[in-house]
Structures are given as C-alpha cells and as structure tokens.
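Residue numbers (our numbering): 160 to 506.
Where a beta carbon is used, it is the ideal one built from N, C-alpha and C, also for glycine.
This one's a predicted model, so the numbers in the text were calculated from it and none came from an experiment.
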Ligand code: AMP
Ligand code: TRP
C-alpha cells in the first residue's frame with residue numbers, strides 16, 4: 160500500500176527563494192525573480208528571501224567582493240520593493256540551519272540524481288575533476304534552504320526547474336525513509352512573460368551575471384545611457400515584428416525583446432506583438448529602451464542611496480537572520496529527532 164501523496168495544501172503556505180551574490184544582478188534576475196518576489200510579498204503570503212552566499216562560494220569568490228555583492232543584492236531586493244518589515248530578508252550563512260540540513264540531505268540525495276543536474280554539467284564542463292565538491296552538492300543545499308522553513312512555494316526562473324524537482328525528490332525520500340509526513344513537496348512557481356531572459360548578444364544563451372560580455376546583459380546598476388545603448392545594439396534580425404506570436408517561433412532574439420517588453424509593461428507577449436505588428440526594430444527598440452529606463456532607473460537610484468549606508472544593510476540582514484533562525488531552529492530540532500540524533504547538550 161502506498162502512502163497518500165503529500166500536497167503542499169496540507170502545510171501553511173510559505174514562500175522561500177534565493178539569489179546568489181556572485182555578481183551584480185541582471186534584468187534576468189529582476190524579471191525572473193525579484194519582481195515576482197515583490198508580487199508574492201504584496202499578496203500577503205509569508206515570504207522569506209535569502210542571499211545565498213554559501214551557494215556563491217561553490218565557485219571562487221573574492222572575499223571583499225562577496226561582501227560587497229551581498230550588500231548590493233540586499234539593496235536590490237529592497238529597492239525593487241521587498242520590505243524588511245513584511246518579508247524576511249537575510250544572507251544564508253547567518254542561519255546555520257541551512258548548512259546543517261544540507262548535510263543531512265547530502266545523505267538523502269543519491270549520486271545518480273546529482274549527476275543528472277544539467278546546471279552542474281554546464282558549469283563544470285570539461286573541467287569536472289577540478290570543480291569544487293560543493294558545486295556538485297549544491298542542489299542538496301538548495302533543498303535545505305527551502306525545507307528548513309517547510310516552504311510550500313518557490314518562485315524562480317525557468318533554469319531552476321530541475322533543482323526544484325530534486326528538492327521534491329529529497330522531501331519525498333526523507334518522508335518515506337523515516338516514515339513521516341514531515342516535509343512538504345514544494346511547488347515551483349515559474350510564471351510571467353520572462354521566466355527565461357536571454358542574452359542580448361545571443362538568443363540561445365541565458366542572460367547571466369557571469370557572461371564575460373557586459374553587452375550581453377542589463378545590470379541593475381546600469382545607468383540610462385548604458386541601458387539604451389545595450390538595447391540599441393541588441394542582436395536582432397532584419398524582419399519587422401509579426402502580427403502574431405507564432406511569427407516569432409524561429410526568431411529567438413526578437414522573441415526575447417518582446418518578452419522583456421511584456422514583462423516590464425505587465426502585458427502579455429501576445430498583446431505586445433499586436434501593438435507593434437509590422438514595426439521595424441528601429442521603432443521598437445527605442446520604445447523598449449524608454450520603458451526599461453522608466454522601470455529600472457528608480458530601482459538603480461534607490462540601490463545607490465541604500466549602498467551609501469552599508470551598516471544599515473547589515474543590520475537589516477542581521478534582523479532577518481534572527482527571524483529566519485526562529486522558524487528554522489524548531490524544524491531542525493525535529494529533524495535531528497526524526498533521524499535519531501541525541502540532543503542532550505544544556506544551553
Ligand atoms: P542566480 O543569479 O543564478 O542566483 O538566479 C537567481 C534567480 O534569478 C533564480 O530564480 C533564477 O532562475 C533567476 N534568473 C537568473 N537568470 C535569469 C534569466 N536570464 N531569466 C529569468 N530568470 C533568471
Ligand atoms: N540555485 C539558485 C540559482 O542559482 C539559487 C538558490 C539557492 C535558490 N537556494 C535557493 C533559489 C532556494 C530558490 C530557492 O538561481
């Protein structure tokens with residue numbers, strides 16, 4: 160007889176998501192993640208957001224830059240609309256429950272599962288003997304990030320789908336192995352017009368903070384001139400925009416710009432195409448640039464203002480970490496108990 164499948168509905172709705180402070184944030188992070196984190200907060204669901212510094216060090220990070228990028232990431236969250244009074248915002252390493260549960264999940268996850276992770280294969284490339292062990296184990300730590308809070312929903316971009324499937328597998332295996340109904344089987348939330356923003360130089364590659372070409376991405380720190388220039392120079396094809404979305408099927412660069420316009424303006428890609436049907440990129444690109452500057456400039460300005468007071472950012476992260484710890488610690492205590500570990504130390 161099989162156990163009934165655990166659905167997130169049996170757990171209190173709680174959102175968790177994270178972003179790596181491994182570089183400056185991009186328009187991809189904003190549209191695929193940050194903007195949607197704010198929407199979830201504003202819907203009134205309990206939201207926990209994390210700068211995952213322990214994930215960042217799976218590849219080399221200069222310590223001073225890591226500190227700077229973590230603060231900059233926090234400033235970006237707040238500037239984009241995350242309110243530390245309504246969401247919990249912190250950096251991962253301040254809450255040790257992540258590392259602790261990560262270890263337990265290293266013992267739940269199977270080598271075969273981990274070897275199938277496409278992001279690991281992409282990042283390791285031909286160099287798999289030389290990458291860190293942490294890079295291989297990374298998705299188990301990501302499962303721990305989520306399940307240390309028994310989070311039921313995780314908003315992410317398209318590229319994280321496989322990692323979230325692994326999180327579900329880990330939750331199910333833990334529940335089965337220990338014969339408990341303890342962890343929720345988390346739902347990915349991959350929604351919106353821009354779940355995968357592509358490089359401005361190559362429509363087959365994801366826009367990424369680690370791309371060597373700065374022209375490939377819009378950074379949240381770019382000023383209006385840089386944003387406009389990058390959009391003007393973005394790779395496209397010579398055709399005008401079609402009447403319907405179908406006409407963009409084999410035109411990845413054009414499709415990407417339409418998706419970006421849609422996500423920034425809060426429209427569907429269909430309605431953007433309907434509005435610009437027959438327009439040349441000479442017309443569409445300046446309109447896109449204008450929209451991007453209008454939406455991103457206030458965020459950049461606010462980020463710059465917040466970055467002038469790094470001590471205040473650190474205080475916000477510290478308070479967030481205390482709140483996060485208060486949720487995760489009792490869950491970890493239960494986990495130790497379920498696994499059979501003695502907890503007799505007097506504190
Ligand atoms: P990362 O920068 O890899 O830590 O990603 C943080 C979040 O941003 C994750 O939810 C990603 O899925 C999302 N994300 C990163 N790059 C993109 C992109 N090009 N398009 C859409 N979402 C993205
Ligand atoms: N792996 C995610 C990325 O690279 C970042 C991440 C770490 C994350 N832990 C998480 C995202 C937990 C969502 C939930 O984008």
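Checklist entry - residue 210 lies in the beta strand (DSSP E); which residues open and close that run? => result In the chain shown, the residue the question calls residue 210 occupies position 51. Residue range 205–210 is occupied by the beta strand (DSSP E) that includes residue 210.
Checklist entry - Given that a residue counts as buried once 16 or more other Cβ atoms are within 10 Å of its Cβ, and exposed if not, what is residue 496? => result Working through the chain shown from its first residue, we reach residue 496 at position 337. By the Cβ-count criterion, residue 496 is exposed, with fewer than 16 other Cβ atoms from all chains shown falling within 10 Å of its own Cβ.
Next on the checklist: Below 8 Å on the Cβ atoms is my contact criterion, and I expect residue 196 with residue 314 to pass it. Report the Cβ-Cβ distance as a whole number of Å.
Outcome noted: Position 37 of the chain shown, counting from 1, holds the residue named residue 196. Position 155 of the chain shown, counting from 1, holds the residue named residue 314. Residue 196 to residue 314, Cβ: 6 Å. Contact.
Next on the checklist: In the DSSP output, which residue or residues are listed as bridge partners for residue 248?
Outcome noted: Counting from one through the chain shown, the residue named residue 248 turns up at place 89. Here residue 248 is bridged, per DSSP, to 208.
Item to check | Contact under 8 Å by Cβ, residue 317 with residue 360 | outcome: In the chain shown, the residue the question calls residue 317 occupies position 158. In the chain shown, the residue the question calls residue 360 occupies position 201. No; because the gap between Cβ atoms is not below 8 Å, this pair is not in contact.
Item to check | Closest residue to residue 309 among 446, 369 and 260 (Cα-Cα distance) | outcome: Sequence index remark: in the chain shown, residue 309 carries index 150 (1-based). When only C-alpha atoms are compared, the closest one is 260.
Next on the checklist: What would DSSP say about residue 346, mapped onto helix, strand or coil?
Outcome noted: For the purposes of this step, residue 346 is taken as the residue at position 187 of the chain shown. Strand, per DSSP.
Next on the checklist: Rounded to the nearest angstrom, what separates residue 574 and residue 344 at their Cα positions?
Outcome noted: Nothing in the structure corresponds to residue 574, since the chain is present only between 160 and 506.
Checklist entry - Got a sec? Which residues, its chain only, sit under 7 Å from residue 475 by beta carbon, not counting five neighbours each side? => result For the purposes of this step, residue 475 is taken as residue 316 along the chain shown, with counting starting at 1. 233, 243 and 248, listed in sequence order.
Checklist entry - Three-state secondary structure (DSSP) at residue 490? => result As a position in the chain shown, residue 490 is number 331, starting the count at 1. Here residue 490 carries a helix assignment [DSSP, helix/strand/coil].
Checklist entry - Among 321, 209, 285 and 223, which residue has its Cα nearest to the Cα of residue 178? => result Translated into the one-based positions of the chain shown, residue 178 becomes position 19. Of the candidates 321, 209, 285 and 223, the one whose C-alpha sits nearest the C-alpha of residue 178 is 209.
Checklist entry - If you follow the alpha helix (DSSP H) that residue 391 is part of, which residue opens it and which one closes it? => result The count along the chain shown starts at 1 and reaches residue 391 at position 232. Element bounds for residue 391: 383–392.
Next on the checklist: I'd like the span of the beta strand (DSSP E) that includes residue 178, first residue to last.
Outcome noted: Counted from its first residue, the chain shown places residue 178 at position 19. Counting along the chain, the beta strand (DSSP E) containing residue 178 begins and ends at 173–178.
Item to check | Residue span of the beta strand (DSSP E) that contains residue 314, given as start and end | outcome: Counting from one through the chain shown, the residue named residue 314 turns up at place 155. That run of the beta strand (DSSP E) goes 312–314.
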